[in-house]
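Asks:
Protein chains: 2
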Amino acid sequence: MSEKLTVRQQQVLDCIRQFQNDTGMAPTRAELAELMGFQSKNAASDHLRALERKGCVRLHNDRSRGIQLLDAALWPDDELPVIGRVAAGVPIEAVENVERSVPVPQGLFRQRPTYLLRVQGDSMKDAGIFDGDLIAVRKTSVARSGQIVVARLDDDVTVKTLKLSPQGATLMPANEDYTPIRVSPDQLVIEGVFVGLIRDAV
Amino acid sequence: MSEKLTVRQQQVLDCIRQFQNDTGMAPTRAELAELMGFQSKNAASDHLRALERKGCVRLHNDRSRGIQLLDAALWPDDELPVIGRVAAGVPIEAVENVERSVPVPQGLFRQRPTYLLRVQGDSMKDAGIFDGDLIAVRKTSVARSGQIVVARLDDDVTVKTLKLSPQGATLMPANEDYTPIRVSPDQLVIEGVFVGLIRDAV
DNA sequence: ACAGCCACTGTCGAAATGAACAGTGCCTTT
DNA sequence: AAAGGCACTGTTCATTTCGACAGTGGCTGT
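Right under this line is the structure:
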């Protein structure tokens, strides 16, 4: 996107955000200078111009407190694809699999998901993951023991809790009607890790 | 919440919110008058004073654009408040209860939620609602049997499945360690219905 | 060495803004 | 019938606020 901010500029931006959070309005140049400890209001002006140039902020000419935070630019909420049924042998993110797409704002989940996956079956119901739920998945090929992962097993995509032990890897369901699946490391392909869940009530 | 607004006052409030959404700042009295079609900016001033008196807005003296939208009026288009701990006796949406706010895009849930509620306890774990989850709640005072509702019982807020029968209402937990709660209709206050869920993995 | 960015101090005038004062007419409640 | 809230018009005035101009010193890349 735009240029990187200097440390000072980031501080100024945070300061503006804080002020706006507290008072519901943007600071004037004088207030900003006061908050940042500047002797001159022009220091604030300079910073604002820099922030505008770098695309973080929009300044409305001749309007008091005319500082509009362009957080949309900083935190773009892109549309994430919803992966429905995954066809055998096809990469999980292939277009054929995309059911629709949903806007997911930055910050909704602490870890940014790469895509959403429509859950099929209730093998994870004791972990609160139900048939039809959307799970937010961060694409990665490594996972720690205990994480809920999206794994591919012989062209089949499944969601399970990963257990790693000296004896090998196990994919644990969270439903007593299902049995754990032992896998050899070379057979197991991690597609991503579970970072969140979205459920839509009927 | 405080006093009811007149139609005109509601229009003014909406106008302010719209302006703030578009420009990132509150309107001046002159701008507000222009937007509302007033010939005199004092008309805007009068409305602002009324809105302040009714608790919808806070006016910062002698500060330009010093209009701070309060509580319910504040909640911008797609930012929903997250209600954390609910203090006894306090309306559920009171500012004191708001933990933070989270952007929730239109269309993420089929029914638009009014707010998000942080779940405490695991009384609904068999329904896939876990401790710490955020549930999306649509504010309403009526609910159908079988819906998951947010109910208030003697200053206590609880999430349960509502069962209505000729004998009365029952709040059903989804966890065998908890027992159903029978309530008389006059004792039961429905705060809203469950329309969705957001979970953030650690 | 010199240009260019960064991070400031200090001053000034013009435009933007809030707030107070003085009215009007229409309601509703008492 | 009087009182009070609501919804405005119209005006003036003190402040606030922005934006432009004039400088300083440090640091970085070329």
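Heads up: the sequence lines are chains P and F, in that order. Residues in the first sequence are numbered from 1128 upward in steps of one, following the numbering used here. Residues in the second sequence are numbered from 1128 upward in steps of one, following the numbering used here. Idealized CB from N, CA, C, for every residue including glycine.
#1: If we count the other Cβ atoms within 10 Å of its Cβ and call it buried at 16 or more, is D1330/F buried or exposed?
#2: Sort V1231/P, D1260/P, I1308/P by Cα distance to D1281/P and report the nearest one.
#3: Measure the alpha-carbon distance for D1313/P versus L1243/P and round it to whole angstroms.
#4: Would you mind working out which of V1329/F, D1260/F, Q1274/F sits nearest V1320/F, comparing C-alpha positions?
#5: Can you tell me which of A1278/F, V1284/F, S1272/F puts its alpha carbon nearest to the alpha carbon of G1295/F?
#6: May I ask which residues mark the beginning and end of the beta strand (DSSP E) holding R1279/P?
#7: Just how far apart, CA to CA, sit V1225/P and L1207/P?
#8: If you draw a straight line from the alpha carbon of I1143/F to that of V1134/P, how long is it in whole angstroms?
#9: Flag this pair as yes or no: are the beta carbons of P1230/F and R1265/F separated by less than 8 angstroms?
#10: From S1191/P to T1155/P, what distance separates their C-alpha atoms?
#11: Let me confirm a value: P1203/P is counted as buried when at least 16 other C-beta atoms fall within 10 Å, else exposed. Which label applies?
#12: Within 10 angstroms of its Cβ, does R1180/F collect 16 or more other Cβ (buried), or is it exposed?
#13: Measuring only between beta-carbons, confirm whether Q1195/F sits less than 8 angstroms from chain P.
#14: So, under 8 angstroms CB-CB, D1260/F and L1175/F are touching, yes? Tell me the CB distance rounded to an integer number of Å.
#15: What separation, rounded to the nearest whole angstrom, lies between the Cα atoms of S1228/P and F1236/P?
#16: By Cβ distance below 6 angstroms, which residues in the same chain neighbour L1159/P in space, the five residues on each side in sequence not counted?
#17: How about V1277/F and E1318/F: do their beta carbons lie closer than 8 angstroms?
#18: Cα-Cα, which of G1234/F, I1256/F, K1168/F is closest to D1327/F?
#19: Can you list the residues of chain P that S1191/F reaches, using a CB-CB cut of under 8 angstroms?
#20: Tell me the DSSP secondary structure of A1200/F in three-state form.
#21: Report the residue ranges of all alpha helix (DSSP H) runs contained in full by the segment 1133-1177 of chain P; include only those spanning at least 4 residues, in chain order.
#22: Within its chain, find whatever has a CB closer than 7 angstroms to the CB of Q1247/F; leave out the 5 residues flanking it on each side and keep chain order.
#23: Quick one: grab the DSSP three-state call for E1303/F.
#24: Quick check: the Cα distance between S1292/F and M1299/F, rounded to an integer number of angstroms?
#25: Can a CB atom of chain P be found closer than 8 angstroms to the CB of V1264/F?
#26: Determine whether the Cβ of V1225/F lies closer than 8 angstroms to any Cβ atom of chain P.
#27: Report all residues from its chain with a CB closer than 6 angstroms to the CB of M1251/F; omit the five preceding and five following residues, and keep chain order.
#28: Compare the Cα-Cα distances from L1315/P to each of V1284/P, V1329/P, V1322/P, T1306/P and report the closest residue.
#29: Listed from N- to C-terminal order along the chain, which residues in the segment 1228-1258 of chain P have their beta-carbon within a distance smaller than 9 angstroms of any beta-carbon of chain F?
#30: So V1322/F and Q1238/F are in contact, right, with Cβ under 8 angstroms, and what is the actual spacing, rounded?
#31: Use the C-beta contact count for V1329/F: other C-beta atoms within 10 angstroms, 16 or more gives buried, fewer gives exposed.
#32: Over what stretch of residues does the beta strand (DSSP E) that includes R1245/F continue unbroken?
#33: If distances are taken between C-alpha atoms only, which option among R1185/F, I1262/F, G1151/F, A1153/F comes closest to I1210/F?
#34: Kindly indicate which residue of G1234/F, D1249/F, Q1166/F, C1183/F has the alpha-carbon position closest to the one of D1141/F.
#35: Does the Cβ-Cβ distance between Q1147/P and A1153/P come in under 8 angstroms?
#36: For K1287/F, report the span of its beta strand (DSSP E) as first-last.
Replies: Here's the rundown:
#1: Residue coverage of chain F in this structure runs from 1128 to 1329, which leaves residue 1330/F outside it and unanswerable.
#2: Position 154 of the first sequence, counted from the first residue, corresponds to residue 1281/P. For D1281/P, the nearest C-alpha among the options comes from I1308/P.
#3: Here residue 1313/P refers to the residue found at position 186 when the first sequence is read from its first residue. Here residue 1243/P refers to the residue found at position 116 when the first sequence is read from its first residue. Cα to Cα, the separation comes out at about 26 angstroms.
#4: Indexing the second sequence from 1 puts residue 1320/F at position 193. Of V1329/F, D1260/F, Q1274/F, the residue nearest in Cα terms is Q1274/F.
#5: Position 168 of the second sequence holds residue 1295/F. Answer by Cα proximity: S1272/F.
#6: One-based indexing of the first sequence puts residue 1279/P at position 152. R1279/P -> beta strand (DSSP E) spans 1275-1280.
#7: As a working mapping, residue 1225/P is identified with position 98 in the first sequence. As a working mapping, residue 1207/P is identified with position 80 in the first sequence. Cα to Cα, V1225/P sits roughly 10 angstroms from L1207/P.
#8: Taking the second sequence and counting its residues from 1, one reaches residue 1143/F at position 16. Taking the first sequence and counting its residues from 1, one reaches residue 1134/P at position 7. About 34 angstroms.
#9: Here residue 1230/F corresponds to residue number 103 of the second sequence, with the count starting at 1. Here residue 1265/F corresponds to residue number 138 of the second sequence, with the count starting at 1. Going by C-beta atoms, P1230/F is not nearer than 8 angstroms to R1265/F.
#10: Here the question's residue 1191/P lines up with position 64 in the first sequence. Here the question's residue 1155/P lines up with position 28 in the first sequence. Taking the straight line joining both Cα atoms gives about 7 angstroms.
#11: As a first step, residue 1203/P is located in the first sequence; it is residue number 76 there, counting from the start. In this prediction, P1203/P scores a pLDDT of 44, lower than 50, which makes its location untrustworthy; the coordinate-derived value is nonetheless stated afterwards. Flag for P1203/P reads exposed.
#12: Locating residue 1180/F in the second sequence gives position 53, counting from the first residue. In the assembly as shown, R1180/F is an exposed residue. Its beta-carbon has fewer than 16 other beta-carbons within 10 Å.
#13: For the purposes of this step, residue 1195/F is taken as the residue at position 68 of the second sequence. Chain P contact via Cβ: present.
#14: To locate residue 1260/F, count along the second sequence from 1; it is residue 133. To locate residue 1175/F, count along the second sequence from 1; it is residue 48. The Cβ separation is near 40 angstroms, so there is no contact.
#15: Working through the first sequence from its first residue, we reach residue 1228/P at position 101. Working through the first sequence from its first residue, we reach residue 1236/P at position 109. When rounded, the distance between both Cα atoms is 17 angstroms.
#16: Translated into positions along the first sequence, residue 1159/P becomes position 32. These residues qualify, in order along the chain: A1171.
#17: For the purposes of this step, residue 1277/F is identified with residue 150 of the second sequence, where counting begins at 1. For the purposes of this step, residue 1318/F is identified with residue 191 of the second sequence, where counting begins at 1. Cβ distance < 8 angstroms, so V1277/F and E1318/F count as in contact.
#18: Position 200 of the second sequence, counted from the first residue, corresponds to residue 1327/F. Among G1234/F, I1256/F, K1168/F, the Cα nearest to that of D1327/F is on I1256/F.
#19: The residue given as residue 1191/F occupies position 64 in the second sequence. Within 8 angstroms Cβ-Cβ: T1155, S1191, R1192.
#20: As a position in the second sequence, residue 1200/F is number 73, starting the count at 1. Any answer about A1200/F is weak, because its pLDDT of 49 lies below 50 and its placement is not dependable; what the coordinates show is given next. A1200/F: helix per DSSP, three-state reduction.
#21: 1134-1150, 1156-1163
#22: Mapped onto the second sequence, residue 1247/F falls at position 120. Once the five neighbours on either side are set aside, the close Cβ partners of Q1247/F are D1258.
#23: Counting from one through the second sequence, the residue named residue 1303/F turns up at place 176. Note: E1303/F maps to coil in three-state DSSP.
#24: Counted from its first residue, the second sequence places residue 1292/F at position 165. Counted from its first residue, the second sequence places residue 1299/F at position 172. Spanning the two alpha carbons is a distance of roughly 13 angstroms.
#25: The residue you call residue 1264/F lines up with position 137 of the second sequence. No, V1264/F does not count as interfacial toward chain P.
#26: The residue labelled residue 1225/F in the question sits at position 98 within the second sequence. Chain P contact via Cβ: absent.
#27: In the second sequence, residue 1251/F corresponds to position 124, counting from 1. Excluding five sequence positions before and after M1251/F, the CB atoms of its chain that fall closer than 6 angstroms to its own CB belong to V1286, A1301, given in chain order.
#28: If you number the first sequence from 1, residue 1315/P lands on position 188. For L1315/P, the closest C-alpha among the options V1284/P, V1329/P, V1322/P, T1306/P is that of V1284/P.
#29: V1229, P1230, V1231, P1232, Q1233, G1234, L1235, F1236, R1237, Q1238, K1252, D1253, A1254, G1255, I1256, F1257
#30: Residue mapping note: residue 1322/F aligns to position 195 of the second sequence, counting from 1. Residue mapping note: residue 1238/F aligns to position 111 of the second sequence, counting from 1. Confirmed, about 4 angstroms.
#31: Start at 1 with the first residue of the second sequence, and residue 1329/F comes out as number 202. Looking at its Cβ environment, which holds fewer than 16 other Cβ atoms inside 10 Å, V1329/F is exposed.
#32: Within the second sequence, residue 1245/F is the residue found at index 118, counting from 1. For R1245/F, the enclosing beta strand (DSSP E) covers residues 1242-1245.
#33: Within the second sequence, the letter at position 83 stands for residue 1210/F. Of R1185/F, I1262/F, G1151/F, A1153/F, the residue nearest in Cα terms is I1262/F.
#34: Residue 1141/F sits at position 14 when you count from the first residue of the second sequence. The shortest C-alpha separation from D1141/F is found at C1183/F.
#35: Against the first sequence, residue 1147/P aligns to sequence position 20. Against the first sequence, residue 1153/P aligns to sequence position 26. Cβ distance < 8 angstroms, so Q1147/P and A1153/P count as in contact.
#36: Position 160 of the second sequence holds residue 1287/F. K1287/F -> beta strand (DSSP E) spans 1283-1292.
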